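Residue numbers (the numbering used here): 157 to 450. Ideal placement from N, C-alpha and C gives every residue a C-beta, glycine not left out. Remember, predicted model here, so these are calculated numbers, not experimental data. Step one of this worksheet: look at the structure below.
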């Protein structure tokens with residue numbers, strides 16, 4: 157039986173509903189074809205179901221089946237290239253069905269660790285993950301070009317500081333023209349919950365949404381997540397996380413800061429394009445963009 161959270165995904169639209177409807181049959185087929193035995197209850201994230209299993213050799217693993225979408229299209233490719241170096245080990249994949257068999261990790265993530273220590277853990281993994289990008293990955297510059305063009309068309313009346321919009325547009329166009337914007341495989345969604353405890357290493361990365369990009373693009377998710385913990389000193393907390401990450405990873409501070417500004421304004425743009433924008437999220441985006449450069 158599917159978890160209630162997965163069944164609820166059907167309300168997101170007809171494509172989601174169709175995927176949820178065919179998911180039980182898809183799971184049965186994969187269990188049969190890959191000789192897997194379920195072991196425990198399934199869990200889920202925003203776009204995928206994960207089922208603990210044992211394979212034919214009694215190896216503990218998980219079967220992950222995701223909702224088909226662009227961001228997940230090359231997840232298996234990234235995991236294949238990392239081959240377990242700093243990331244969960246890919247055991248088997250069926251890209252057509254967005255299905256993967258992965259080594260089983262522990263449920264413990266970095267959310268319960270002191271945030272600066274957690275930032276240093278993630279930063280310590282960057283060098284292992286940031287390898288030359290395989291040619292199949294989409295280029296970060298192509299995304300940034302489209303998003304920056306849309307950002308530049310925001311009316312001055314939009315509820316974000318116009319000077320930040322202009323700054324992000326200028327920086328975005330500079331990054332599009334910069335050869336260093338592409339070429340390195342980056343995770344793009346590397347936050348505290350996407351790093352899990354493991355047996356063979358203390359921490360391993362999961363759930364990449366890989367592009368051919370710039371290592372400095374990775375920092376921003378560590379700043380906007382675990383937001384409630386920053387209450388009382390948001391500006392100082394954001395800055396401490398930023399500097400802890402940049403220093404531990406040996407990144408260029410100015411380039412990382414510029415990418416944070418660009419990413420946060422793109423995040424705000426996408427929210428403004430929603431039918432009912434979340435004003436709290438837009439405020440958070442603006443706050444982070446300001447904090448790293450005040």
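Contact check, residue i vs residue j, beta carbons under 8 angstroms
i           : j           : result
residue 346 : residue 244 : no
residue 242 : residue 281 : yes
residue 448 : residue 394 : yes
residue 416 : residue 376 : yes
residue 353 : residue 262 : yes
residue 203 : residue 225 : yes
residue 379 : residue 397 : yes
residue 191 : residue 212 : yes
residue 385 : residue 271 : yes
Nearest to residue i (by Cα), restricted to the options the options
i           : options               : result
residue 372 : 295, 212 and 336      : 336
residue 222 : 399, 432, 365 and 422 : 365
residue 410 : 353, 381, 327 and 367 : 327
residue 200 : 401, 398 and 363      : 363
residue 405 : 414, 433 and 374      : 374
residue 444 : 431, 383 and 278      : 383
residue 205 : 218, 214 and 193      : 218
residue 440 : 252, 450, 423 and 430 : 423
residue 179 : 408, 234, 391 and 254 : 254
Three-way DSSP call (helix, strand, coil) for residue i in this model
i           : result
residue 170 : helix
residue 344 : coil
residue 372 : helix
residue 293 : coil
residue 248 : strand
residue 222 : strand
residue 287 : coil
residue 199 : strand
residue 215 : coil
residue 418 : helix
residue 194 : strand
residue 268 : helix
residue 336 : helix
residue 425 : helix
residue 360 : strand
residue 243 : strand
Range of the contiguous alpha helix (DSSP H) that encloses residue i
i           : result
residue 326 : 318 to 332
residue 442 : 435 to 447
residue 514 : Since the first residue shown for the chain is 157 and the last is 450, residue 514 is missing from the structure and cannot be characterised.
Residue i: CB within 7 angstroms of a non-hydrogen atom of the ligand PLP
i           : result
residue 351 : Absence of the ligand PLP is noted for the structure shown, with no ligands found whatsoever.
Whole-number beta carbon distance between residue j and residue i, since they are thought to touch under 8 angstroms
i           : j           : result
residue 210 : residue 229 : Not really, about 28 angstroms apart at Cβ, beyond 8 angstroms.
residue 187 : residue 220 : No, residue 187 and residue 220 are not in contact; Cβ-Cβ is about 13 angstroms, not under 8 angstroms.
residue 332 : residue 367 : Residue 332 to residue 367, Cβ: 14 angstroms. No contact.
residue 164 : residue 173 : So it is not a contact: roughly 11 angstroms between Cβ atoms.
residue 339 : residue 290 : Contact flag wrong, Cβ pair sits at about 11 angstroms.
Range of the contiguous beta strand (DSSP E) that encloses residue i
i           : result
residue 207 : 204 to 210
residue 256 : 255 to 259
residue 161 : Counting along the chain, residue 161 falls outside any beta strand (DSSP E), though it belongs to the alpha helix (DSSP H) covering 160 to 163.
residue 392 : Taken as a continuous stretch (DSSP letters only), residue 392 belongs to no beta strand (DSSP E), being part of the alpha helix (DSSP H) at 390 to 405.
residue 233 : Here residue 233 belongs to no beta strand (DSSP E); instead the alpha helix (DSSP H) covers 231 to 238.
residue 353 : 351 to 353
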